[in-house]
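Enquirer: Sharing a structure here in structure tokens format.
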Amino acid sequence: MYAEWDDAALVTALQSGDEGAFTEIYERYWSKVFWVIYRKIKVREASEELVQDLFISLWNKRIVNQIDNLERYLMGAVKYRVIDHIRAHLTEENYSHTYRSVLVSTTQSTEEDIAANDLTLALHDSIEKLPEKTREVFRLSRIEQRSVKEIAAMLQISEKAVEYHLTKSLKLMKDHLKDFVALLLFYLN
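Per this note's numbering: the sequence shown = residues 16 to 204.
Quick look at the structure:
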């Protein structure tokens, strides 16, 4: 039934919550969307995740999205997802490179190396102890360098909720790390 519908009819049905129309859109376009993404980023798993994210977003925002041309809309969404993916990947690489260069620095003494490694482990441990949503907000903000507005849109929460989670993450991490920092200062002096 849906296979005979044109894109405009599918979009209209999608916007009214018709799951069958959504399934037809997915089946009609997933392969094309996947291959466009894959040609750009060359990583199959990441491409599959971006395709899933795109279609989840299409469903979740079906009421608010203004879609005049479905294929053009999807290809535009692909473009922005690929750009965001590449930017996040570059940010992570930069963070990792900076992190490694600090740890490998030849000017540090053995005690400083141990202290830096311990601090890194303590920091990682404090991040892992954060509640799941708070940890995700922290990761998007501090590691992927996303704005409060972007995080709110990605996680479909209010900007106030994002700010709450950031404040909460920093407070919990500060509490978790305060004993470690005091001990570290004692040994380094």
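The beta-carbon is built from N, C-alpha and C at its ideal position, and this holds for glycine as well.
1. Is it true that the CB of V93 sits closer than 8 Å to the CB of I56?
2. Could you tell me whether the Cβ atoms of V26 and I82 are closer together than 8 Å?
3. For a test of the three-state rule: what should DSSP assign to I101, helix, strand or coil?
4. Near A167, which residues of its chain fall below 8 Å by C-beta distance, leaving aside the five closest residues on each side in sequence?
5. So, under 8 Å CB-CB, S156 and L181 are touching, yes? Tell me the CB distance rounded to an integer number of Å.
6. Would you decide whether T149 is buried or exposed? Buried here means 16 or more other CB atoms lie within 10 Å of its CB.
7. Count the other CB atoms within 10 Å of the CB of I40; is the residue buried (16 or more) or exposed (fewer)?
8. I need the straight-line Cα distance from Q171 to I71, nearest angstrom please.
9. Measure the beta-carbon distance from V66 to W45 and round it to whole angstroms, keeping in mind my assumption that it falls under 8 Å.
10. Let me know if S31 comes out buried or exposed under the rule of 16 or more other beta-carbons within 10 Å of its beta-carbon.
11. Could you give the distance in angstroms between the alpha-carbon of Y53 and the alpha-carbon of E143?
12. Do A103 and E159 have their beta-carbon atoms positioned less than 8 Å apart in this structure?
13. Taking L69 and D22 to be in contact with their CB atoms under 8 Å, please state how far apart those CB atoms are, rounded to whole angstroms.
14. Does the beta-carbon distance from L89 to L145 come in below 8 Å?
15. Figure out for me which residue from W50, D190, Y95 has the closest Cα to the Cα of A137.
16. Which residue comes first and which comes last in the alpha helix (DSSP H) that contains W210?
17. Taking L29 and A18 to be in contact with their CB atoms under 8 Å, please state how far apart those CB atoms are, rounded to whole angstroms.
18. State the Cα-Cα distance for the pair E63 and K164, rounded to the nearest angstrom.
Expert: Result, derived from the coordinates:
1. Walking along the sequence shown from the start, residue 56 turns up at place 41. Walking along the sequence shown from the start, residue 93 turns up at place 78. Against a cut-off of 8 Å, the Cβ pair of V93 and I56 comes out as no contact.
2. Numbered from its first residue, the sequence shown carries residue 26 at position 11. Numbered from its first residue, the sequence shown carries residue 82 at position 67. For V26 and I82, yes; Cβs fall inside 8 Å.
3. Indexing the sequence shown from 1 puts residue 101 at position 86. Correct three-state label for I101: helix.
4. What you label residue 167 is simply residue 152 of the sequence shown in a count that begins at 1. Correct list, in chain order: S173, E174, A176, V177.
5. The residue given as residue 156 occupies position 141 in the sequence shown. The residue given as residue 181 occupies position 166 in the sequence shown. About 6 Å; that satisfies the 8 Å criterion.
6. For the purposes of this step, residue 149 is identified with residue 134 of the sequence shown, where counting begins at 1. Counting Cβ neighbours within 10 Å, T149 comes out buried, since at least 16 surround it.
7. Here residue 40 corresponds to residue number 25 of the sequence shown, with the count starting at 1. Burial call: buried.
8. On the sequence shown, position 156 is the one that residue 171 refers to. On the sequence shown, position 56 is the one that residue 71 refers to. Rounded to the nearest angstrom, the two C-alpha atoms are 12 Å apart.
9. As a position in the sequence shown, residue 66 is number 51, starting the count at 1. As a position in the sequence shown, residue 45 is number 30, starting the count at 1. Sure, about 6 Å apart at Cβ, within 8 Å.
10. Counted from its first residue, the sequence shown places residue 31 at position 16. When all chains shown are included, S31 counts as exposed.
11. On the sequence shown, position 38 is the one that residue 53 refers to. On the sequence shown, position 128 is the one that residue 143 refers to. Spanning the two alpha carbons is a distance of roughly 31 Å.
12. Reading the sequence shown from its first residue, position 144 is the one you call residue 159. Reading the sequence shown from its first residue, position 88 is the one you call residue 103. Going by C-beta atoms, E159 is nearer than 8 Å to A103.
13. Residue numbering aside, residue 69 sits at position 54 when the sequence shown is read from its first letter. Residue numbering aside, residue 22 sits at position 7 when the sequence shown is read from its first letter. About 16 Å; that fails the 8 Å criterion.
14. Numbered from its first residue, the sequence shown carries residue 89 at position 74. Numbered from its first residue, the sequence shown carries residue 145 at position 130. It is not a contact, given that the beta carbons lie outside the stated cut-off.
15. Here the question's residue 137 lines up with position 122 in the sequence shown. When each option's Cα is compared against that of A137, the closest is D190.
16. For the chain, the structure presents residues 16 to 204; residue 210 sits outside this window and is missing.
17. In the sequence shown, counting from the first residue as 1, residue 29 sits at position 14. In the sequence shown, counting from the first residue as 1, residue 18 sits at position 3. Actually they are not in contact, since the Cβ atoms of L29 and A18 sit about 15 Å apart, beyond 8 Å.
18. Here the question's residue 63 lines up with position 48 in the sequence shown. Here the question's residue 164 lines up with position 149 in the sequence shown. Cα to Cα, E63 sits roughly 25 Å from K164.
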